[in-house]
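Everything below concerns the one structure shown next.
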Amino acid sequence: MSVSPDFRTDLATGVVDRAIYTSEEILALEKERIFARTWRYACTIRDLRNPGDYFTLSVADQPVLVIRGNDGEIRAFHNACSHRGAVLTDERCGNQGQVLKCMYHAWSFNLKGDLTGVPYDEGYGPGFDRGAYGLKPVACETFHDLVFVALRPTVPSLTDFLGEMADHLAPYVQGIEPIGRNSWIYDGNWKLWHENFRDDYHAEFTHRSIRDLLAGTTARGWNWGAAPGHSVLQWAFPPLDPPKYARALQRFSGVDFSDGTMPVGWSSMLAQGPPGPPEGFAGGEPPEIRQEVLAVFPNLDIQPGPKDTPRGMKAGYLQTVTPLGVNRARVDITVYSDVEDDDATRQEQLENLADTQGSWGKLSCDDTEAAARCQIGVRGEGGRSNLFTRGVAPGRGGESADVRDEYSQREFFRVYQQYLRDES
Ligand code: FES
Ligand SMILES: [Fe+2]
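The numbers in full-length UniProt numbering rise by one with no breaks, and the one at position 60 of the sequence shown is 60.
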């Protein structure tokens, strides 16, 4: 594509042209220059425990398959038969046994992508070279327990791509395993969802019901961009006081919990009790609990439990948002737990997913509505720009920036703009 986006505003300043949410041309550029060139989260290594386990995803509208081989290696391929292009599986995940066999003319491929079976192959003549018709590989790397793929990476390694985010992310994504999933589609541009995970300005208003429950417990927070293109939201609160929490829950829900019965989700939080001091804490005033939301460019968000607590570090949500059009996107959530967790703890984590995340979840439904409303408004003539200019000190924020500042989003748009303008 020869078109170069001629932005009327400089996205890196935080004044964002609303055309990026409505333009078909810009969506095409995003697929070609961002989604095809960045490392994209695919799944966790424990989605691929056994040889033949696979996971599929769409990268810049191209079907990609990630699969574990008999040698234990995880590889990625274009999910397209080398004969006439049929996808080898249209399932999200599963196990292919020892062979990927195409449903159309039964060409088959081993777990390394080699073409191993061609029915009636003599018809192709003596010069037919099976070696030329293996599955086309896709770059694939792991970062601890996370598997990433890239069609045409602009940086050589996943570690380079993660940059400053690697150190933030690493403690959360070791020894985790997926225990549940859900997906839904909303009527809005994909960026509206990802922006929302870099935004803590909205939380106390959009999620008012949660805020009321937690009244007085959220003390402070910070926000910063982690180059290139990633970000961290962090906030601090005193250790949870379960009886006080239960009283607030009872008051705002109208349900009497005096017999110990709690609704789904909240029961799991209460069962955990106060997160407690971090390891090595030697007494005195209990320290604040910190929690983070990590956003990885361009479309991955990680929402773990409280930081520096054994439970919180290993339980949470991995979310991706995938564009289906300028005004339509799909969210895929994986809930994960500590590999050491027992069944009851996993069940609690699943209940928390059901309660808070998903198109019906009390958190996600608020954000979904916000995205849909923004999409309706940005396509009109009510204004040309969206503002991400909160936080006026130079730099990328950090512990001096308020959690409501927008360094996190400006770092996204700084790198977003670089990718879109890169015609190489
Ligand atoms: S399309 Fe796959 S075998 Fe023909
Ligand atoms: Fe939100």
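We treat Cβ as the ideally placed atom computed from N, Cα and C, and that holds for glycine.
- Rounded to whole angstroms, the separation of the alpha carbons of T356 and H207 is 11 Å.
- The Cβ atoms of Y21 and N189 sit closer than 8 Å to each other.
- Within the same chain, and ignoring the five residues on either side of G163 in sequence, the residues whose Cβ sits closer than 6 Å to its Cβ are A227 and P228.
- Excluding its 5 nearest sequence neighbours in each direction, L88 has C-beta neighbours in its own chain below 7 Å: L65, N79, C81, L100 and C102, listed in chain order.
- By the beta-carbon neighbour count (other beta carbons within 10 angstroms, threshold 16), K191 is buried.
- Any heavy atom of ligand 1 counts here; residues with a Cβ closer than 5 Å to one of them, in chain order, are C81, H83, R84, A86, C102, Y104, H105 and W107.
- Closest in alpha carbon position to R220, among F388, Y120, S359 and E204, is E204.
- Rounded to whole angstroms, the gap between the alpha carbons of L27 and A76 is 25 Å.
- Of R181, R247, S408 and P238, the smallest CA-CA separation from C93 is found for R181.
- Judged by their CB atoms, I67 and I45 are not nearer to each other than the 8 Å cut-off.
- In this structure, L233 sits near V403, with a CB-CB distance shorter than 8 Å.
- In this structure the segment 402-420 lies against the segment 290-306, because at least three pairs of beta carbons, one per stretch, are closer than 8 Å.
- Taking C-beta atoms under 8 Å as the contact rule, F35 and V59 qualify, at a distance of about 6 Å.
- For the pair V335 and Y317, the CB atoms are nearer than the 8 Å cut-off.
- Fully enclosed beta strand (DSSP E) runs of no fewer than 3 residues occupy 385-387 of the segment 356-393, in order along the chain.
- Straight through space, the alpha carbons of G380 and Y54 are spaced by roughly 43 Å.
- For W190, no beta strand (DSSP E) segment is defined; the enclosing uninterrupted segment is the alpha helix (DSSP H) at W190 to N196.
- Taking C-beta atoms as the reference points, A401 and W222 count as a pair closer than 8 Å.
- For Y54, the enclosing beta strand (DSSP E) starts and ends at D53 to V59.
- Between ligand 2 and the CB of N196, the shortest heavy atom gap is smaller than 7 Å.
- A straight-line Cα-Cα distance of about 6 Å links V138 and A150.
- Cβ neighbours of V118 within its own chain (closer than 6 Å, five residues either side excluded): W107.
- Comparing C-alpha distances from D145 to each of I176, G134 and L135 shows the shortest one belongs to I176.
- DSSP, read as helix, strand or coil, puts T22 in coil.
- Rounded to the nearest angstrom, the gap between the Cα atoms of Y407 and L420 is 20 Å.
- With respect to F148, W39 sits close: the two C-beta atoms are nearer than 8 Å.
- Sorting Q98, T345, L11 and S359 by C-alpha distance to the C-alpha of Q319 places S359 at the top.
- In this structure, the straight-line span from the alpha carbon of L57 to that of P310 is close to 31 Å.
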